[in-house]
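Using the numbering used here, the letters of the sequence shown map in sequence onto residues 185 to 315.
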Amino acid sequence: MNRQAWRDVGLAVAVALVAVASAATAPAARTPLDARGIAFLVAAGLVLVARRRFPRLVLLAAAACLLAYLLLGYPGVGPAVPVLIAIYGTVRIGERRTAVATIATILIGGVAGEVFGNGAPRRTCSSAGSC
């Protein structure tokens, strides 16, 4: 592998770690972070390895992972970082309409997930025991 490929791998791994760490430290949501949620975040981050070669496909894959994550009610907004990087790559090659359509789909899907989700947000209790 050449130097640029190693940079792409490093970026993808770092972004996946940031997305997982952000979700793990986010306030409680409808669905607690579990292995399935982490898998969506890792996949969305690691797909960035191919962002230079296949920017539209990378955007589609990262957005699909994020949309599934949001619709299932997992916590945090940090998991959007891989999609933001993929959007940048898509806009950079002149595919603004693709980027805008992706953003609109994620926003509509995220709102739909909250409106039609499988229950109210989880309540957290304080250390004193009051809820």
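Every residue, glycine too, gets a C-beta built ideally from N, C-alpha and C.
Does arginine 191 pass the burial test, meaning 16 or more other C-beta atoms within 10 Å, or should it be called exposed?
It is exposed - the Cβ of arginine 191 has fewer than 16 other Cβ atoms within 10 Å.
Leaving out five residues before and five after glycine 294 in sequence, what residues of the same chain have Cβ atoms less than 6 Å from its Cβ?
Spatial neighbours of glycine 294 in its own chain (CB-CB distance under 6 Å, excluding positions within 5 residues in sequence) are listed in chain order as Leu254.
If we count the other Cβ atoms within 10 Å of its Cβ and call it buried at 16 or more, is valine 284 buried or exposed?
Result: exposed.
By the DSSP assignment, the alpha helix (DSSP H) with aspartate 218 in it spans what residues?
For aspartate 218, no alpha helix (DSSP H) run applies, since DSSP gives it neither H nor E.
Quick check on DSSP: helix, strand or coil for glycine 194?
Helix at glycine 194.
Roughly how many angstroms separate the alpha carbons of leucine 250 and threonine 286, rounded to a whole number?
Going from the Cα of leucine 250 to the Cα of threonine 286 covers about 11 Å.
Could you check where the alpha helix (DSSP H) with threonine 274 kicks off and where it finishes?
Per DSSP, the unbroken alpha helix (DSSP H) holding threonine 274 starts and ends at 265-276.
Cβ neighbour criterion (16 or more within 10 Å) applied to arginine 281:
Arginine 281 is exposed by the Cβ-count criterion.
Per the contact definition of three or more C-beta pairs closer than 8 Å, is the region 207-218 in contact with the region 185-199?
At 8 Å Cβ cutoff, the stretches do not touch.
Can you tell me whether arginine 240 is helix, strand or coil according to DSSP?
Note: arginine 240 maps to helix in three-state DSSP.
Rank Ala203, Val197 and Leu291 by C-alpha distance to the C-alpha of glycine 221 and give the top, closest one.
Minimum Cα distance to glycine 221 is reached at Ala203.
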